[in-house]
Each structure stands twice: as structure tokens, then as C-alpha cells.
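Residue numbers (full-length UniProt numbering): 1 to 440.
Below you'll find the structure, written out as C-alpha cells, and then a few comments.
Okay, here's the thing in C-alpha cells:
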């Protein structure tokens with residue numbers, strides 16, 4: 001039986017006609033000093049099917065369970081109690097996810113008891129005194145119009161045993177955990193403790209990170225909105241830069257270990273001269289350093305815009321081994337550091353420079369989700385509820401190759417998705433900015 005949608009038949013011929021043989025070397029042979037990721041028609045192909053076919057399928061091919069409603073469910077809806085917790089930093093779409101879960105539980109499955117645990121994992125530890133909220137459709141109906149999370153959030157680890165004690169005391173059968181990689185690691189530990197105690201409780205994660213750094217996913221919710229807001233900051237930097245003699249607009253965007261927001265904001269704005277991300281090493285000084293290339297760009301164009309991800313250039317600064325509440329190393333603040341170094345560089349050369357520094361981080365993360373993320377969050381919430389009611393646990397719901405799927409938590413918590421400097425996204429940035437691939 002073919003499991004693919006019948007309304008879109010598989011194409012019988014995907015051949016693209018060409019005008020004739022290509023005999024001229026592409027001017028894109030080297031982008032920013034490195035080889036371009038050229039494609040070969042006969043080799044670089046994208047598979048049409050994203051689903052396995054029941055007949056003749058290759059069982060050796062890795063595949064995910066497809067998300068969606070199951071004909072049979074594990075939990076009896078009238079007897080089921082659900083909990084929701086949001087953890088970590090704010091992100092556009094959190095309220096959309098909460099709203100979607102509550103509505104799906106109430107209206108489609110008839111689950112009446114849905115609790116919201118306040119202020120992240122602290123809300124699951126009774127000694128903090130954060131009273132859970134009983135969530136009903138009427139209490140979450142307008143939540144998607146606002147940024148942030150109606151449940152509050154917090155960072156940091158909590159005692160796994162105490163959190164599971166709370167789930168037992170409140171007879172919570174399903175816990176939806178909304179957060180990034182640190183939060184999902186906590187969810188995996190909760191699932192293991194539940195299994196160790198021999199309990200029958202489902203833990204389902206919904207991946208949240210502005211940085212878009214969750215592995216094995218097309219994207220995380222909130223990313224579309226975040227880089228949309230970031231583009232506005234980049235446009236403002238461009239206006240400031242072009243309105244002054246030797247104007248420089250410097251924008252710091254989120255991205256501790258992954259530079260996706262910086263890359264996409266630069267591509268969307270198309271008026272950025274340098275993009276600095278954690279995945280690509282750069283130096284400031286010397287003939288091949290950023291400062292010299294910036295000087296040349298100002299001589300040629302009279303202005304420049306620089307977009308830097310917060311985790312870029314950490315080797316340039318003196319940093320300590322301190323960690324934050326989530327256990328992440330505290331990074332140096334690359335934005336003010338670059339601002340000071342750029343100003344000092346041009347001062348020693350007695351050259352006028354007018355630098356405007358913009359840090360829109362808290363604006364980017366606190367805005368309401370845009371229409372694209374509204375839809376994405378709604379579908380994530382729906383599929384999370386379907387999975388949990390079917391008794392799926394120690395998993396998260398996400399999208400892969402355009403399809404919503406179930407992924408084991410252990411698969412995604414052991415690493416981060418990063419920009420690959422050898423692949424097309426970064427080469428597109430190099431094409432767009434005209435910056436050298438190597439600055440050292």
C-alpha cells in the first residue's frame with residue numbers, strides 16, 4: 001500500500017531541459033577565497049519520497065515515526081491529567097504552543113485537567129511555592145497575540161526526584177516540556193526517573209530555541225519570527241551607517257554556538273558587509289584581519305554594516321570558566337568589544353569613523369510569533385498531543401523534510417546543529433556580503 005498522499009502523484013520524469021553543453025567556467029568558481037559548492041546534475045539529487053513505502057521498502061534506511069493521530073490511544077481522556085512547563089529564555093511562539101496544547105486536549109480529546117507549571121522547572125519543585133495554574137481554553141484564547149510565556153520561565157537545573165514527586169502527587173499522566181537543548185536534557189532525565197520508578201507517565205518535548213540549533217530538525221519554532229525582527233535591526237543599522245561619514249552599523253544578534261539568525265538576517269536584508277558567526281574563525285589584526293578589510297570597505301563604499309552572533313570571536317576576549325544557571329559557559333560580550341576595537345583602530349590611524357551599535361536581543365526574543373510561526377506552533381502542539389495520548393514518551397515532536405515526526409530525546413540532546421562553513425548557506429552569505437571566507 002502506498003502511504004503517500006494520492007492527490008500528488010509521483011512524477012514520472014523530472015528531467016530539466018538545457019539549451020546545450022556548458023563550456024564556460026563559472027565566475028563563482030571561488031567565493032570569498034574558497035571553492036564554491038558546485039552541483040553535478042547526475043550526482044546531486046534530492047529524493048522525492050520522504051516516506052517509506054510498505055511494498056519493497058528498504059528497512060535499513062533510517063526513518064522516523066510520522067507524527068499525527070493514532071487510531072488507538074493509551075490514555076483514557078476523562079481520567080487523564082496533563083501538565084505543561086516552559087523553560088529557558090523567552091522565544092516567540094511559546095504562548096501559541098501552550099494555547100494549542102490546551103485546545104487540543106480539551107476540544108479534541110476531552111481532557112479537562114491541564115495544569116501549567118509556573119516559572120520553568122522551579123514550578124515542578126514544591127518548595128519554591130509556585131502554584132500551578134489550571135488552564136482552560138478561555139484562559140489561553142488570546143495568548144498567541146502576546147510575546148513571552150503566560151506561565152513564566154526560569155533557567156537552571158532542579159532535583160529530578162522532586163520534580164517526579166510532584167508529578168506523582170498531582171497524578172499528572174502527561175508532561176509537555178517546551179524548551180531548548182538544556183531543557184530537553186532535563187526532560188530526558190525526568191523520563192529516565194519515571195521509568196526507574198516503574199511509572200506510566202509520558203514526557204513529550206517541544207523544541208524551542210531562537211538559535212535554531214536543535215539537531216535533526218528543519219527548524220525550531222520562533223526562529224522565523226526572531227530573524228524577521230532581527231532584519232529590522234539590520235535595516236536600521238544600514239540607515240545609520242549610510243547617513244554618516246565612514247558610517248559603521250554594528251548589530252549583535254543571538255547565537256551562542258550557531259550563527260543561523262545572523263546568516264538569515266544578512267541574507268534577508270541584503271545590505272550587510274560582514275557576518276561573524278561562532279562556526280567561522282576570524283582575527284581582527286593584520287593584513288588579513290577584519291579591521292583591515294573594514295578599512296578597505298569604507299574607502300571603497302563609505303559605509304559598512306557588520307552583523308555578529310553573540311558567540312562569535314570568543315577567542316579574542318579574556319573569559320572566565322564561570323557558567324550560567326543552565327550550566328553554559330559565560331561568554332564575553334562580543335558587541336561592545338568589537339565596538340571598542342573598531343573605534344580604537346581608526347583613532348590610531350587618525351581616520352574619522354561613526355559607529356552605531358545596536359543590540360536588539362531582548363526585542364527579538366520577546367515579540368509575538370508571526371503568521372508563519374503561528375501555523376508552525378499550532379501544528380507542533382497538535383502533534384505533541386497526539387503523540388502523548390498514544391503513550392509515546394521520552395521523545396520530541398518536530399519537522400523533518402517538511403513532515404512532522406517523532407524523535408527520541410537522546411538523539412537530539414547530544415550535540416547542536418551548526419552552520420556548516422563548507423555548505424550552501426554560508427556560501428550564500430559570502431556571495432551576498434562579498435567578505436573574504438578567511439580573515440586572519
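Cβ coordinates follow ideal geometry from the N, Cα and C atoms, glycine included.
Just so we're clear, the structure is a prediction, and the values are computed from it rather than from any experiment.
Checklist entry - So the beta strand (DSSP E) residue 408 belongs to, where does it begin and stop? => result Taking the chain shown and counting its residues from 1, the one referred to as residue 408 is at position 408. It spans 403 to 408 - the beta strand (DSSP E) in which residue 408 sits, taken as one unbroken run.
Item to check | Cβ shell of residue 377 (< 7 Å), same chain only, five flanking positions each side left out | outcome: Position 377 of the chain shown, counted from the first residue, corresponds to residue 377. Only 93, 96, 97, 100, 221 and 369 meet the Cβ criterion.
Checklist entry - Quick one: any contact between the stretch 212 to 219 and the stretch 231 to 248, if contact means 3 or more CB pairs under 8 Å? => result no
Checklist entry - Nearest to residue 179 by CA position, among 232, 157 and 206, is which residue? => result Taking the chain shown and counting its residues from 1, one reaches residue 179 at position 179. Taking residue 179 as reference, the option from 232, 157 and 206 with the minimal CA-CA separation is 206.
Checklist entry - Just the Cα atoms here: how many angstroms apart are residue 183 and residue 189? => result Here residue 183 refers to the residue found at position 183 when the chain shown is read from its first residue. Here residue 189 refers to the residue found at position 189 when the chain shown is read from its first residue. Spanning the two alpha carbons is a distance of roughly 10 Å.
Checklist entry - How would you label residue 262, buried or exposed, when you count the other beta carbons within 10 angstroms and need 16 or more for buried? => result Stepping through the chain shown from its first residue, residue 262 is reached at position 262. So residue 262 ends up on the buried side.
Checklist entry - Given that a residue counts as buried once 16 or more other Cβ atoms are within 10 Å of its Cβ, and exposed if not, what is residue 168? => result Taking the first residue of the chain shown as position 1, residue 168 is located at position 168. Residue 168 is exposed by the Cβ-count criterion.
Item to check | Residue closest to residue 105, alpha-carbon to alpha-carbon, out of 91, 69 and 131 | outcome: Here residue 105 refers to the residue found at position 105 of the chain shown. When each option's Cα is compared against that of residue 105, the closest is 69.
Next on the checklist: Taking DSSP's pairing of strands, which residues face residue 358 in a bridge?
Outcome noted: Taking the first residue of the chain shown as position 1, residue 358 is located at position 358. In the DSSP assignment, residue 358 is bridged to 251.
Checklist entry - Does the stretch 325 to 340 come within contact of the stretch 117 to 124, defined as at least 3 CB pairs closer than 8 Å? => result no
Checklist entry - Is residue 115 helix, strand or coil by DSSP? => result One-based indexing of the chain shown puts residue 115 at position 115. Residue state, collapsed to three classes: strand.
Checklist entry - From 252, 157 and 382, pick the residue whose C-alpha is nearest to that of residue 336; which is it? => result Translated into positions along the chain shown, residue 336 becomes position 336. Nearest option by C-alpha distance: 252.
Item to check | Straight-line Cα distance separating residue 23 from residue 365 | outcome: The sequence position of residue 365 within the chain shown is 365, counting from 1. The sequence position of residue 23 within the chain shown is 23, counting from 1. One C-alpha to the other measures close to 49 Å.
Checklist entry - Which residues does DSSP pair with residue 176 in a beta bridge? => result Here residue 176 corresponds to residue number 176 of the chain shown, with the count starting at 1. DSSP lists 84 and 204 as partners of residue 176.
Next on the checklist: In the DSSP assignment, the alpha helix (DSSP H) including residue 385 goes from what residue to what residue?
Outcome noted: What you label residue 385 is simply residue 385 of the chain shown in a count that begins at 1. Unbroken alpha helix (DSSP H) run through residue 385: 371 to 389.
Item to check | Nearest-angstrom Cα separation, counted from residue 258 out to residue 417 | outcome: The sequence position of residue 417 within the chain shown is 417, counting from 1. The sequence position of residue 258 within the chain shown is 258, counting from 1. Those two C-alpha atoms are separated by around 7 Å.
Next on the checklist: What does the alpha-carbon distance come out to for the pair residue 34 and residue 273?
Outcome noted: Counted from its first residue, the chain shown places residue 34 at position 34. Counted from its first residue, the chain shown places residue 273 at position 273. Whole-angstrom Cα-Cα distance: 18 Å.
Checklist entry - With burial defined as no fewer than 16 other Cβ atoms inside 10 Å of the residue's Cβ, what is the status of residue 111: buried or exposed? => result Here residue 111 refers to the residue found at position 111 of the chain shown. By the 10 Å Cβ count, residue 111 comes out buried.
Checklist entry - What are the start and end residues of the beta strand (DSSP E) that includes residue 442? => result Any property of residue 442 remains undetermined from this structure, which presents the chain solely from 1 to 440.
Item to check | Inter-residue spacing [alpha-carbon to alpha-carbon] between residue 90 and residue 155 | outcome: Position 90 of the chain shown, counting from 1, holds the residue named residue 90. Position 155 of the chain shown, counting from 1, holds the residue named residue 155. Those two C-alpha atoms are separated by around 10 Å.
Checklist entry - When you compare each of 63, 282 and 375 to residue 225 by their alpha carbons, which one comes out closest? => result Taking the chain shown and counting its residues from 1, the one referred to as residue 225 is at position 225. Comparing Cα-Cα distances from residue 225 to each of 63, 282 and 375, the minimum goes to 375.
Next on the checklist: Is the beta carbon of residue 384 closer than 7 Å to that of residue 73?
Outcome noted: On the chain shown, position 73 is the one that residue 73 refers to. On the chain shown, position 384 is the one that residue 384 refers to. Contact flag unset, no.
Checklist entry - For residue 355, which option in 307, 164, 410 and 151 has the closest C-alpha, if you only look at C-alpha atoms? => result Here residue 355 is taken as the residue at index 355 of the chain shown, counted from 1. It is 307.
Checklist entry - Does DSSP put residue 443 in a helix, in a strand, or in coil? => result The displayed coordinates of the chain run from 1 to 440. Any statement about residue 443 would go beyond what the structure contains.
Checklist entry - Measuring from the CB of residue 197, is there a heavy atom of the ligand ZN at a distance below 6 Å? => result You won't find the ligand ZN in this model; it holds no ligand whatsoever.
Checklist entry - Given residue 163, which residues of its chain have a CB within under 7 Å of its CB, disregarding the five upstream and five downstream residues? => result Looking up residue 163 in the chain shown gives position 163. The residues are 121, 124, 125 and 190.
Next on the checklist: Pop quiz: residue 435 and residue 305 are said to be a contact at Cβ under 8 Å. What is the actual Cβ separation, rounded to whole angstroms?
Outcome noted: Mapped onto the chain shown, residue 435 falls at position 435. Mapped onto the chain shown, residue 305 falls at position 305. Between residue 305 and residue 435 the Cβ distance is about 11 Å, and since that is not below 8 Å, they are no contact.
Checklist entry - Cα-Cα, which of 372, 347, 351 and 173 is closest to residue 302? => result Taking the first residue of the chain shown as 1, we reach residue 302 at position 302. That would be 351, whose Cα lies nearest to the Cα of residue 302.
Next on the checklist: As a quick exercise: from 77, 431, 75 and 88, pick the residue whose alpha carbon is nearest that of residue 324.
Outcome noted: Residue mapping note: residue 324 aligns to position 324 of the chain shown, counting from 1. Closest by alpha carbon: 88.
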